[in-house]
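Asks: Structure in structure tokens, see below.
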Amino acid sequence: MPRTRSQALGSGIAQARWERGITQGELATASGVGLETLRKLEQGHVEQPGVFRIAAIADALEMAVDSLLPARPHPVSSVGYEGCDIASFVDAIQAANVDLVADVRLTPLSRKQGFSKARLDSALGEIGVRYEHLRSLGNAKENRPLFAGAELEVGRARYRAGLRTPEAKRALDELASWRQEHHVVLLCFERDERRCHRSVVLEELAQLG
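Following UniProt numbering, the numbering of the sequence shown begins with 1 at its first residue and continues without gaps.
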């Protein structure tokens, strides 16, 4: 599971304290933060620690506040390769500084040259971009027509229900983890994101924080 921001902050405080050979009691005294509060902070149990409290701890550790705060995850976007050839697609990925493409097609095969799994992986690898296929986030064949027609919301609901499987949850957790260090783009065929299941994946990722 990806760590929450409070857990990442707590880990950062504990690591900085250990590196300086400071006990929890000593840091609590130096910062003016209660010992029990500091313990909860380091355990990641304080969701809203407060700016002044973090600043006091950073000052006691003689470090910048920004060094304690966990980096915000990179935004995750999406792309549909409908109407693209492989060369223009790869150029666009490179121009956008993407470094990880997450393929959310159920089956990573395509009649369009270059967009089947092996060829796509190779083409992206040539420009230093990582490719990952997440089969468990694919949209079932029988559900796809609903995304194209008037029953879009029915299709979205059915797809979202399928994300409750252990496999899909693990894949979402992986995406949430990857975005901490990578500029991730979700890949599918449909050009219009609103008519593609990847829009639901983006919504689920947003819920993970």
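For glycine and all other residues, C-beta sits at the position ideal for the given N, C-alpha and C.
By Cβ distance, which residues of its chain are closer than 8 Å to V185, with the 5 residues on each side in sequence left out?
Replies: The residues are V76, S77, S78, V79, I93, A96, V98, L100, V101, A102.
Asks: Beta-carbon within less than 8 Å of A64's beta-carbon, same chain only, minus the 5 sequence neighbours each way: which residues are those?
Replies: So the qualifying residues of the chain are A58.
Asks: Under 8 Å, do H197 and F147 count as touching if we go by C-beta distance?
Replies: Result yes, Cβ atoms of H197 and F147 sit closer than 8 Å.
Asks: Confirm, please, whether the CB-CB distance from S88 to G44 is below 8 Å.
Replies: In this structure, S88 does not lie closer than 8 Å to G44 by Cβ.
Asks: Measure from the alpha carbon of L9 to the alpha carbon of each residue in A171, R111, G21, P49, then state which is nearest.
Replies: The candidate whose alpha carbon is nearest that of L9 is P49.
Asks: Can you list, in chain order, the residues of its chain whose CB lies under 8 Å from that of D85, leaving out five sequence neighbours each side?
Replies: Correct list, in chain order: K112, Q113, G114.
Asks: List the DSSP bridge partners of V184.
Replies: Looking at the DSSP assignment, V184 forms a beta bridge with L100.
Asks: From N139, H183, V90, R191, pick the residue whose C-alpha is nearest to that of V201; which is it?
Replies: When only C-alpha atoms are compared, the closest one is N139.
Asks: Ignoring anything shorter than 4 residues or poking outside the stretch 98 to 182, list the alpha helix (DSSP H) runs there in chain order.
Replies: Complete alpha helix (DSSP H) runs here, min 4: 117 to 125, 144 to 148, 152 to 162, 166 to 178.
Asks: Check whether the Cβ atoms of S136 and E167 sit closer than 8 Å, and answer yes or no.
Replies: Contact flag set, yes.
Asks: Considering V90, what are the terminal residues of the alpha helix (DSSP H) in which it resides?
Replies: 86 to 95 is the extent of the alpha helix (DSSP H) around V90.
Asks: Identify, in the order they occur along the chain, each residue of the same chain with its Cβ nearer than 7 Å to the Cβ of P108, setting aside the five sequence neighbours on each side.
Replies: Closer than 7 Å at Cβ, skipping near neighbours: S116, K117, H133.
Asks: CB-CB under 6 Å to S199, same chain, minus the five flanking residues each way: which ones, in chain order?
Replies: Once the five neighbours on either side are set aside, the close Cβ partners of S199 are E193.
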